[in-house]
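This report refers to the structure that appears directly beneath it.
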Amino acid sequence: MVNDIYSKAYVEVLEIIRHFSEEDYKKISEKDIKFFEDNKDKNYKFKIDPSIDLDKQNISKEAGAIIVNLYLDYYATEEQKVKIQEVLELNQRKLEYEKRKKYNPDDLFKKDNVIKSNDENTKKNNEMSIVEYKETFFTKFKNFIIKLLKLEK
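Numbers given in this note's numbering equal positions in the sequence shown, counted from 1, plus 33.
Structure representation (structure tokens):
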């Protein structure tokens with residue numbers, strides 16, 4: 034069974050397309066309509082007021098997306114399809130940009146790193162000692178293999 038959100042969206046889509054003219058309704062494939070009917074939430078009730086614009090009615094995002102796809106598949110001209118695809122791609126890029134901005138891996142631990150570096154600087158100022166670092170054969174070998182395989186340490 035399709036998840037609950039989409040089963041409710043199918044009810045909304047069926048209600049919307051029932052208000053289409055018979056000619057426009059018949060443009061939608063019977064296969065799609067049967068899919069919506071078979072997977073709709075039988076207990077969810079949804080009614081629209083045909084005298085009010087759809088954007089002012091309480092339609093879910095999922096139902097809106099399905100309606101856009103139906104429009105693209107059955108009603109849009111080639112020029113309209115191109116424009117709609119451009120808008121959808123632009124919206125997707127904006128969404129990805131916002132996600133990248135919000136969850137930027139470069140900045141994700143920045144605050145934590147600043148605190149750690151301040152602690153390290155304090156420790157270095159308090160304890161200054163010279164430590165000679167000698168690379169062992171095993172460490173050299175490991176670094177060679179890592180470079181060879183282009184892996185990070």
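Glycine included, every Cβ here is placed at the ideal spot set by N, Cα and C.
Since the model is a prediction, treat every value here as computed from it, not as a measurement.
- The shortest CA-to-CA distance from I66 to any of R51, K75, K78 and K80 is the one to R51.
- Taking all protein chains shown into account, L103 has 16 or more neighbouring C-beta atoms within 10 Å of its C-beta and is therefore buried.
- Excluding five sequence positions before and after K114, the CB atoms of its chain that fall closer than 7 angstroms to its own CB belong to L105, given in chain order.
- Annotation for N72: the continuous alpha helix (DSSP H) segment containing it runs E63 to N72.
- Annotation: the continuous alpha helix (DSSP H) that includes S40 extends over D37 to I50.
- Short of 7 angstroms from the beta carbon of F69, and not among the five residues preceding or following it, lie these beta carbons of its own chain, in chain order: Y43, V46 and L47.
- Here K73 is buried, its C-beta having at least 16 other C-beta atoms within 10 Å.
- At a Cβ-Cβ threshold of 8 angstroms, Y108 and K59 do not count as neighbours.
- Take Y39, set aside five residues on each side of it, and the residues of its chain with a beta-carbon closer than 8 angstroms to its own are N72 and E95, in chain order.
- For the options Q118, L123, K41 and L128, the alpha carbon positioned closest to that of K75 is the one of K41.
- Your pair I49 and I100 checks out as a contact, with CB atoms roughly 6 angstroms apart and the cut at 8 angstroms.
- Linking E122 to Y136 through their CA atoms gives a straight-line distance of about 21 angstroms.
- Cβ contact annotation for S62 (same chain, cutoff 6 angstroms, sequence separation greater than five): none.
- CA-to-CA, the gap between K80 and K89 works out to about 13 angstroms.
- Secondary structure at I99: helix, using DSSP grouped into helix, strand and coil.
- The beta carbon of D37 lies closer than 6 angstroms to none in the same chain, with the five residues before and after it left out.
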